[in-house]
Every structure is written in C-alpha cells, then in structure tokens.
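Below is one structure, written out as structure tokens; the observations come after it.
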C-alpha cells in the first residue's frame, strides 16, 4: 500500500498510550486529562435526554444544519457575552469536541511548510493535529506570565509569513499557568501588528479555584483576528463530544465549509441534550461543584509533592484547570522512567511530548482531577520515591 505523506505526521502513540493507561483499573493514573466521573451530572443529563427524545425524538435523531442547533448556539452566545465576548449565535459553529476545532484550523489556514507559532511547551494533541498538515511548528518561550514578548517579536520579525498562532492563555495545558493581563495585551498587539490569526483554546477557563478572572484574548480582539474555542468536555461531559468556535462571519464560513467536508455536523442528539440541560439546570452551579472537588485534589497533590519531591525539583501552582507541571533535576529522564512507574502501577505523562522545539526530558505533566484522594497520596508517594532513588543511584 502507498500511504500519504500526511499520515506519517499523525503519530498519536503518546495519546493512545495515555488512554490505554487510564483504562487500566490497576493503574493510578495522573496521565490523562480526564474529568472526575463522579463529577458528571448523570441524572440531570438523563432527564435532559429523556425530555429531548420524548418531545423531539425524530428531530433529535435526524440530520441538522451544519452550524449547529440554533437554541444551543444562542445560549452559548448569551453566556459568552456575559463573559465579555461580543458575539451572537451566528458567530458560533458547533464542532465535534474542540479537538475538531484544531483540525479545522489546520484545514482552513495551513499548507505544507507554513509556520505555526505556539507556546513551548503546549498541548501535545494540538502539535499532532497541526503536524498532520505538514506545517512547521515554531515554539515561543514562556514564563509564569505567558509568552515572552521579546521572543515572540523576534520570531515574528524573522517569520512575517507565519500563518497561525495557537495558544492556551488560561490554565494552560500542560503547565496549568495563566497569562497575565499585560502579557495578553502584548501578544494580541503583536499579532495585530503582523496580521497573524490567533486560535485561542479555552477548555479550562471556567475551572478557577483562586485569584481573579482575566479577560480572554477574544474579549479584547478588535481586529477580528482571534478564533475562540470552547468546550463542554471539562465542565459538563467529554462524552457529549461538543465544542464550539467563535469567529467573524467570513472566517466562520470557512470553518463551516471545512467541517461539512469532514462530518457534515456535530451530533444532533448531543446538541439537543446539552441545550435541554442548560434550559433546566444551572451550569455555573455545576462548575462550582466541580471546582470545589478539583481544588481539594489540587491542594492535596501539591502538598504531597512538596513533601516528597527530591531537592532541586519544582512544580507549578495552578489557579485552576486540570494540570500541574513538575520539573526535576536534569539527571532524571521522565520518559525512561515510565516502565518503572508502570511496574509500580502509577502513570504520568512525560514532558518531552509537549515541546515543539526542545528535547526536554526532566519534566512531566500531572492531572489531579481524575484520581481519588487516597490514590493521589499513594501515587505521588510512589513517584517521588522512584525519583529520589534514581538520583541516589547517580
């Protein structure tokens, strides 16, 4: 068989391995980005599904417009307007999870060899999605406040032909960091200066446990260069496979065309169930409930890491989201230690997968949302013991 060049860029083995580990009941997994299953509003969604099938059954099981179920888009527009993003239902395209939004951006913007700027490190599945379009990923260095403006300006000056910038400004995956307001303004100003479209991914922004909310890039976008991606996966259910894009009409039409060539539409039933849920329930109350649970687990994981990590190690203190980032002494290779950890029934995600331009092997990402408290204690203790033993052996 003769395959396309594109498929060779679609190495999803890291993601596949993560999902395989999370499915093993004997493994304490900090590897995936899974919400806690006990946080799902199962009964509320069951009632919503029952009502939809009882009152709108044939329509819920039929094809529907590609842009998405209009009542749901209107509710999302109202929600985002309250958060400072000026939009209407006509500015929203429903997609099959925000992962599809990444793929659509690749279809709309990228030719082989095109330059995509991203944070370093960044979401590994975004790297995979963009590599499928044979682009060149150009990493921009980051610090605790976000993209380093000097490095971004240097990269833009050297590559004014860049086609797209992909960023996660709020509770970033994998580090959990949130950009400062001044850094957001600076990045947006540079992108506007160079006419560079921005894809702002915000699946975690509602999950804030401390600190004050910071405006999204989209809420400050006066030039129409930002496409905003939202998702129900972390605040309601990933199984619904529902995300959305917000973009100016001319650009949204191109996203819609790309989507129609892919799957015609997001699932009608899922959209109508989500709409019925929003009609009958308070999503913000559900988010507050989830946030209280995740804050408790975050605090416990941070406490365990502070007690157990070897000297010279550090970790981020996320104000929200699902992840934190651990940096170990350079002698420790977190990829090489994965078989050791798996043998001890613990899993994390090695940091090297998240870098577009550097081979960094002393970092790792940990998820705190999906493990029970006793698992966090036992799992972190096991990990830290392995790290300390590895250093002791030299």
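Numbering (the UniProt record's numbering), first residue to last: 1 to 394.
We put the CB at the ideal spot given by N, CA and C, even for glycine.
CB of residue i within 7 Å of CB of residue j, strictly
i, j, result
"residue 8", "residue 241", "no"
"residue 27", "residue 244", "no"
"residue 322", "residue 316", "no"
"residue 217", "residue 188", "yes"
"residue 313", "residue 328", "yes"
"residue 255", "residue 76", "no"
"residue 373", "residue 308", "no"
"residue 310", "residue 196", "no"
"residue 116", "residue 135", "yes"
"residue 129", "residue 102", "yes"
"residue 90", "residue 163", "no"
"residue 137", "residue 343", "no"
"residue 150", "residue 190", "no"
"residue 332", "residue 362", "yes"
"residue 98", "residue 231", "yes"
Neighbourhood of residue i by C-beta, 7 Å cutoff - its chain only, sequence neighbours within 5 removed
i, result
"residue 58", "none"
"residue 85", "216, 218, 219, 228 and 246"
"residue 36", "293, 369 and 370"
"residue 270", "240, 241 and 242"
"residue 49", "273"
"residue 70", "89"
"residue 330", "362"
Residues of its chain near residue i, where Cβ-Cβ distance is below 6 Å and the 5 sequence neighbours each way are ignored
i, result
"residue 133", "106 and 110"
"residue 286", "41"
"residue 320", "171, 207, 208 and 209"
"residue 52", "60, 272, 273 and 276"
"residue 346", "28, 379, 382 and 383"
"residue 348", "30, 31, 364 and 366"
"residue 47", "none"
"residue 205", "170"
Contacting residues, own chain, Cβ-Cβ under 8 Å from residue i (five flanking each side not counted)
i, result
"residue 181", "214 and 215"
"residue 34", "22, 238, 367, 369 and 370"
"residue 108", "251, 254, 255 and 258"
"residue 288", "none"
"residue 298", "209, 318, 324 and 368"
Buried or exposed by the 16-neighbour rule on C-beta atoms within 10 Å, applied to residue i
i, result
"residue 200", "buried"
"residue 339", "exposed"
"residue 183", "buried"
"residue 65", "exposed"
"residue 394", "exposed"
"residue 32", "buried"
"residue 3", "exposed"
"residue 5", "exposed"
"residue 221", "buried"
"residue 119", "buried"
"residue 306", "exposed"
"residue 211", "exposed"
"residue 337", "buried"
"residue 23", "exposed"
"residue 147", "buried"
"residue 100", "buried"
"residue 25", "exposed"
"residue 45", "buried"
"residue 385", "exposed"
"residue 112", "exposed"
"residue 158", "exposed"
"residue 358", "exposed"
"residue 55", "exposed"
"residue 16", "exposed"
"residue 1", "exposed"
"residue 165", "buried"
Residue i - partner residues in DSSP beta bridges
i, result
"residue 246", "92 and 228"
"residue 280", "Residue 280 pairs with nothing; no bridge assigned."
"residue 146", "143"
"residue 165", "117 and 198"
"residue 28", "346"
"residue 323", "367"
"residue 208", "320"
"residue 314", "327"
"residue 137", "116"
Assumed close pair residue i, residue j - CB separation to whole angstroms, cut-off 8 Å
i, j, result
"residue 167", "residue 198", "6 Å"
"residue 237", "residue 203", "Actually they are not in contact, since the Cβ atoms of residue 237 and residue 203 sit about 13 Å apart, beyond 8 Å."
"residue 185", "residue 144", "Incorrect: roughly 17 Å between the Cβ atoms, too far for contact."
"residue 68", "residue 250", "Residue 68 to residue 250, Cβ: 18 Å. No contact."
"residue 334", "residue 364", "4 Å"
"residue 351", "residue 139", "Not confirmed; about 13 Å, so no contact."
"residue 225", "residue 192", "6 Å"
"residue 194", "residue 160", "6 Å"
"residue 94", "residue 72", "7 Å"
"residue 63", "residue 268", "7 Å"
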